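S.K.: First the structure, which I've put down as structure tokens, then a few questions once you've had a look.
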Amino acid sequence: MKAILLLLITIQFVSAKTYKFSTLEWPPYIGSKLKNQGVVAQIVREAYRAVGHEVTFEFLPWSRAVKLAKEGDYDGLLPEYYSKDNSSSFTYSNSFLSGPVGLYTTSYSNIKRASNLISTIKGKRVGLVRGYVNTKVIDKGIGFTKDYASSDLINLRKLKSSRVDLIFIDHFVAQYLIDNNFKRGEFKFLTPAYENKKLYICFSKKKKDHMEKRDLFNKGLKLIKNKIPRILELHQLSQ
Numbered sequence: 680m681k682a683i684l685l686l687l688i689t690i691q692f693v694s695a696k697t698y699k700f701s702t703l704e705w706p707p708y709i710g711s712k713l714k715n716q717g718v719v720a721q722i723v724r725e726a727y728r729a730v731g732h733e734v735t736f737e738f739l740p741w742s743r744a745v746k747l748a749k750e751g752d753y754d755g756l757l758p759e760y761y762s763k764d765n766s767s768s769f770t771y772s773n774s775f776l777s778g779p780v781g782l783y784t785t786s787y788s789n790i791k792r793a794s795n796l797i798s799t800i801k802g803k804r805v806g807l808v809r810g811y812v813n814t815k816v817i818d819k820g821i822g823f824t825k826d827y828a829s830s831d832l833i834n835l836r837k838l839k840s841s842r843v844d845l846i847f848i849d850h851f852v853a854q855y856l857i858d859n860n861f862k863r864g865e866f867k868f869l870t871p872a873y874e875n876k877k878l879y880i881c882f883s884k885k886k887k888d889h890m891e892k893r894d895l896f897n898k899g900l901k902l903i904k905n906k907i908p909r910i911l912e913l914h915q916l917s918q
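Numbers in my numbering are just positions in the sequence shown, counted from 1, shifted up by 679.
In structure tokens form, the structure reads like this:
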């Protein structure tokens with residue numbers, strides 16, 4: 680009996696894998712200095728542990744994180760919004776979180792939120808992050824000027840210095856960055872959010888086992904479903 684138990688433990692140890700994902704500093708969702716590396720990292724880590732595997736995260740500028748994941752240097756990329764264009768390079772997991780996205784401007788700006796996104800951004804210079812998936816309207820880039828930066832924080836600085844009229848950003852990310860880098864009252868969110876974007880893991884199709892890794896995550900995610908409210912509470916986020 681002891682021999683059988685030892686064999687089972689050995690098999691489990693040998694079959695356990697560590698998957699490596701490229702990501703970015705995107706607080707409060709994920710960050711190298713956040714508690715448990717943030718809510719995204721904790722959910723992904725616990726989902727894989729539930730099916731006997733581990734994960735590690737490499738924090739990079741987003742455009743580089745996307746490029747290297749596409750090339751197969753990593754098992755995948757996270758967190759990401761769904762994009763049909765990216766589906767040729769990635770297999771998407773089930774969604775595990777979502778976040779409100781919209782437009783920020785300065786507190787003294789007279790720009791008003793129109794009922795549709797196209798009308799709000801028409802003729803404006805809009806700050807975007809290089810490599811981000813946004814919304815169809817934003818990504819088409821018709822009727823306004825795109826102004827790219829390497830991070831959301833840089834876009835907020837550009838907005839403050841009037842180098843752009845608006846920035847497109849996740850509301851929770853904006854609030855975190857503003858609270859930790861700027862004075863209160865310098866920016867305003869054009870409420871309500873235009874969309875609540877779902878977050879996914881993108882598994883690189885350069886890896887032969889990309890479908891297996893996706894299925895393992897999806898299975899683990901189901902197993903930890905009841906834990907997610909507690910994880911969100913720990914990171915002071917709500918869905």
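Note that beta-carbon positions come from the ideal geometry of N, C-alpha and C, so glycine has one too.
Predicted model only: the values in this text are computed from it and were never measured.
Hey, G710 and I880: beta-carbon distance below 7 Å or not?
M.R.: No. Outside cutoff.
S.K.: Apart from the five residues on each side of it in sequence, which residues of its chain come closer than 7 Å, Cβ to Cβ, to I903?
M.R.: E725, A726, A729, listed in sequence order.
S.K.: To the nearest angstrom, report how far apart K819 and V719 are at their CA atoms.
M.R.: Their backbone Cα atoms lie some 28 Å apart in a straight line.
S.K.: Grab the span of the alpha helix (DSSP H) containing G717 for me, first residue to last.
M.R.: Residues 717-729.
S.K.: Are the region 782-797 and the region 864-883 touching, with three or more C-beta to C-beta distances below 8 Å?
M.R.: Result yes; three or more Cβ-Cβ pairs closer than 8 Å.
S.K.: Check each candidate in S768, I790, I848 and name the one with the smallest Cα separation from L807.
M.R.: The residue with the shortest Cα to Cα distance from L807 is I848.
S.K.: How long is the line joining the alpha carbons of F700 and R842, rounded to whole angstroms?
M.R.: Answer to the nearest angstrom: the Cα atoms are 34 Å apart.
S.K.: Which of the three DSSP states is assigned to L905 in this structure?
M.R.: For clarity, residue 905 is Asn in the given sequence; the question names Leu instead. Helix, per DSSP.
S.K.: When you compare only the Cα positions, how much space is there between I797 and V816?
M.R.: Approximately 7 Å, taken between the alpha carbons.
S.K.: Quick check on DSSP: helix, strand or coil for D831?
M.R.: Three-state DSSP puts D831 in a helix.
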